[in-house]
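The numbers in the numbering used here rise by one with no breaks, and the one at position 29 of the sequence shown is 38.
Single-structure report; data block below.
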Amino acid sequence: MAEEQALEQPHPTMTQGKLKNKGMSLDPYKGPCRALCSCITIFLLLIGVTALTLWLVYRPQKPQFKVVGAAVYELNMSALPLISTTMQFTVITRNPNKRVSVYYDKLSTFVSYKNEPITPQVMLPPLYHRKHSTVAVSPVVGGTAVPVSLDVANGLVMDMAYGVVGLRLVFFGRLRWKAGAIKTGHYGFM
Numbered sequence: 010m011a012e013e014q015a016l017e018q019p020h021p022t023m024t025q026g027k028l029k030n031k032g033m034s035l036d037p038y039k040g041p042c043r044a045l046c047s048c049i050t051i052f053l054l055l056i057g058v059t060a061l062t063l064w065l066v067y068r069p070q071k072p073q074f075k076v077v078g079a080a081v082y083e084l085n086m087s088a089l090p091l092i093s094t095t096m097q098f099t100v101i102t103r104n105p106n107k108r109v110s111v112y113y114d115k116l117s118t119f120v121s122y123k124n125e126p127i128t129p130q131v132m133l134p135p136l137y138h139r140k141h142s143t144v145a146v147s148p149v150v151g152g153t154a155v156p157v158s159l160d161v162a163n164g165l166v167m168d169m170a171y172g173v174v175g176l177r178l179v180f181f182g183r184l185r186w187k188a189g190a191i192k193t194g195h196y197g198f199m
């Protein structure tokens, strides 16, 4: 009798004559969903590989700036803490990229001493830097009086008496990279 009951009971993996799907659901939407997720994953991987390949081929490098000349036409500190100065710098910019051009938009410059501006900002015209080229820029900076802290004014007086003044010419603006027919968005730089 026990043998007859064992024969009548279905096997644990059988229900109504069908095999139970161990650990898997019988959802009819799972197949199309899995296919869609696989397609999206493959598409994203292809985009990533393409972007990596383009970056490795073009690999944009930062342009190089070098000050090769400086002239101080005026440096007036009679009404401290205001400084009035006029300076001209000759700057050589070099684009080291062999396949990438650079567009400089909204380019500005000023002179700082001990990380404090001593000239007003001067807007420069837009500049296009061809591939693997060198361009000279000679902006005249200054003109109007700029308020500075007493520490900066006293430090500038002491450095002038010593004969060596450490100034910093700061360029900032927005640039775009151009590689073939591809132009990037604007990037801020300083």
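From the three backbone atoms N, C-alpha and C, an ideal C-beta is built for every residue, glycine too.
- Between the alpha carbons of F119 and T99 lies a distance of about 13 Å.
- Burial of M96 is indicated by the presence of at least 16 other C-beta atoms within 10 angstroms of its C-beta.
- Out of L136, P126, V66, the CA that lies nearest to the CA of L116 is found in L136.
- The alpha-carbon of R139 is positioned some 7 Å away from that of V111.
- DSSP places A190 outside any alpha helix (DSSP H), giving it a letter other than H or E.
- Under the DSSP assignment, N85 falls in the beta strand (DSSP E) whose first and last residues are 73-85.
- With a 10 Å radius around the Cβ and a threshold of 16 neighbouring Cβ atoms, N85 comes out exposed.
- Considered as a whole, the stretch 88-134 harbours 91-103, 110-122 as its complete beta strand (DSSP E) runs of no fewer than 3 residues, in chain order.
- With a beta-carbon spacing of about 60 Å, I49 and T94 fall beyond the 8 Å limit used to define contacts.
- With respect to V161, K107 sits apart: the two C-beta atoms are not nearer than 9 Å.
- Under DSSP, R43 shares a beta bridge with no residue.
- DSSP, reduced to helix, strand and coil, places L184 within a strand of the structure shown.
- Under DSSP, the beta-bridge partners assigned to Y137 are Y112.
- Note on L184: 16 or more other CB atoms within 10 angstroms of its CB, so buried under the neighbour-count rule.
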